[in-house]
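Q: One structure, pasted below without further comment.
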Amino acid sequence: MEKPNRQPESIEIAADIATTSRPRRLDLRLRTLNGTLWRLTWPAVVENLLFTMVLISDTLITGWLRDERMLAATALAGLLMFFMNAPFIAFGAAANSIVSRCWGEYDFRTARRCAGIAIGLSLGLAILMYFVAYPFTDAVVRLLGAADDVAPISGRYLRILLLSGFCGYPMMVANAIIRGTGNTHTPMLITGLMNGVNVLASIVLAFGWLGLPAMGVYGVAWGTVIARSVGFACSGGYFVHRRGVGVRLGDIVGFERRMLARMWRLAWPILTERLGNSFVYLTFMRLVAGLGTTVLAAHQITLQVESLAFMPAWAMGIATTTLVGQAVGARLEHIAESAVRRMMLMSGVLMGVLGLIFIVFGPLIVRLFGATEEVIAQAGVAIRISAAELLFMSWTFIIMGALRGAGDTRSPLFVSIASTLVFRLGGTMLLAHVWGLGLPGVWIATAADWAMRSLGLGLFFARGAWKHLHELEKLRFG
């Protein structure tokens, strides 16, 4: 009987590895694990910092226009864009999980197929969302409470900003996939380049430099469009290069129902979680606003200071997702467990230092915001209370990232929704409103929410069911 003319899988894998001189998987040896964690984490921290800086830069440039209507217009448009990000964040996280696990087991063909379909899907969805949202921009900003003199500005600003979605949304997904391959440096460099282009283009167009007409706040919007186009060109170039992800055109335009179903199975809990958390956050902010203008102002200042801890905690979660995903794909679940423990220890040291800074210097830090004495006094108390949540917040992101990397996106959904409803909303209503603790009650409830989330996620991780999900997923979807 004649043997089928087919190469063994091991030869196919070897051929894939031979196409590039770069290492194709993270160094998952136990003795080098700390270095691997560090190399994954610090670029993600810098990338998050750069992203925050460009948002601040856009606000500063708009503020220099000396027209409060323009600041209000950008705030309303930004709120809508935040909600529109949700499906792309969900599909990016789903693709990151699949790609990282496939990369870990050297199944580059499946990884590239998933990456191509995810990008094709994000391009199609970005086009669809643009044409659906465009006719309703004016109505939406009015629904969000825009004043009569702000609504036309915000509507036009939003229509320009929607154009950035053609490149911006697929870029978000592409960068998530690139991180899944173990490369967090490239997304960081792309974000840095994009931010430089954004700031430069926004200033030139807003103020009419280089002989161009001054476009005001609309110039800031066009600066975002230009910057995201540059960012997508860079991400796309790395995405298709054989020494990058190596995705082919056929992977992008191809339609594979099983892979779409596999991604959707991971994406819908993330999408539901983000939309649910957005609803909870809006309700939470209404509860805070109900305590008065002074409390709301102090709360906003505390959030800005807390973001100093949020960025590294989020970055640790990103790094954990990639490393656990590749370790699970390589059947090195003990490495995944060790990575989570080490990351939690590292975050414990970092958050302990930041917590000590918040407790000792919190009142001095909030004075930098130049608010009234009453606002500063309340924010000083709140920032000290927030020190209690930092460790639990970082552990939440780390364990959630580990579960997602292993293919479990449902457990974080259940824990997040239950904890935020009971402890964040319920706790705020009870402590701040019923018991009359005001802003301290808000932040005690917030700390309790993070503590319960980290505990709930920790229990799911300790059960170990995540170790078997990759093989079950492959059996189901091929």
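Per this note's numbering, the very first residue in the sequence shown carries number 4; after that it's consecutive. Cβ atoms here follow ideal geometry from the backbone N, Cα and C, with glycine treated the same way.
Using three-state DSSP, classify G253 as helix, strand or coil.
A: Helix.
Q: Could you tell me whether the Cβ atoms of L393 and M347 are closer together than 7 Å?
A: Not a contact, by the Cβ cut-off of 7 Å.
Q: Within a Cβ cutoff of 6 Å, which residues of the same chain sit near A75, ignoring the five residues on either side of it in sequence?
A: These residues qualify, in order along the chain: V153.
Q: Can you tell me whether P216 is helix, strand or coil according to DSSP?
A: If DSSP states are grouped into helix, strand and coil, P216 belongs with coil.
Q: Could you pull the start and end residues of the alpha helix (DSSP H) that F86 belongs to?
A: Where F86 is concerned, the enclosing alpha helix (DSSP H) stretches over E71 to M87.
Q: Would you mind stating whether V298 and L442 have Cβ atoms separated by less than 7 Å?
A: Against a cut-off of 7 Å, the Cβ pair of L442 and V298 comes out as a contact.
Q: In terms of residue numbering, what span does the alpha helix (DSSP H) encompassing T113 cover?
A: Looking at the DSSP string, the run of the alpha helix (DSSP H) that includes T113 is F111 to A136.
Q: List the whole-angstrom C-beta distance separating D452 from R427, where the pair is believed to meet the contact cut-off of C-beta under 8 Å.
A: Right, the Cβ-Cβ distance comes to about 4 Å (below 8 Å), so this counts as a contact.
Q: Please go through the same chain and pick out, in chain order, the residues whose beta-carbon is closer than 6 Å to the beta-carbon of E476, but skip the five residues on each side of it.
A: Result list for E476: G410, in chain order.
Q: Among L192, S103, V207 and V223, which residue has its Cα nearest to the Cα of R162?
A: The candidate whose alpha carbon is nearest that of R162 is V223.
Q: Indicate the three-state DSSP secondary structure (helix, strand or coil) for G439 in the structure shown.
A: Three-state DSSP puts G439 in coil, outside helix and strand.
Q: Give the single residue among M262, A385 and A465 whose Cα lies nearest to the Cα of M403.
A: Of the listed residues, the one whose Cα sits closest to M403 is A465.
Q: Are there 16 or more other CB atoms within 10 angstroms of the CB of R261, so buried, or fewer, so exposed?
A: Result: exposed.
Q: For N201, does the three-state DSSP call read helix, strand or coil?
A: The answer is helix: DSSP assigns N201 an H, G or I state.
Q: Please identify the residue among V369, R344, G257 and A322 whose C-alpha is closest to the C-alpha of Q303.
A: That would be V369, whose Cα lies nearest to the Cα of Q303.
Q: In this structure, does DSSP put G320 in helix, strand or coil?
A: It is helical.
Q: What residues in its chain sit with their C-beta under 7 Å from that of L208, if we drop five residues either side in the sequence?
A: Counting only Cβ-Cβ distances below 7 Å, and skipping sequence neighbours, we find L215, M218, G222, W225 and G226.
Q: Express the C-alpha separation of T325 and F361 in angstroms, rounding to a whole number.
A: Answer to the nearest angstrom: the Cα atoms are 30 Å apart.
Q: Can you give the Cα-Cα distance for L274 and F86, rounded to whole angstroms?
A: The straight-line gap from Cα to Cα measures roughly 10 Å.
Q: How close, in whole Å, do the beta carbons of V352 and A342 come, if the pair is a contact with beta carbons under 8 Å?
A: With 8 Å as the limit, V352 and A342 do not qualify as a contact, their Cβ atoms being about 16 Å apart.
Q: May I have a chain-ordered list of the alpha helix (DSSP H) segments no shorter than 4 residues that lie completely inside the stretch 403-433?
A: Runs of the alpha helix (DSSP H) inside the stretch 403-433: 413-422.
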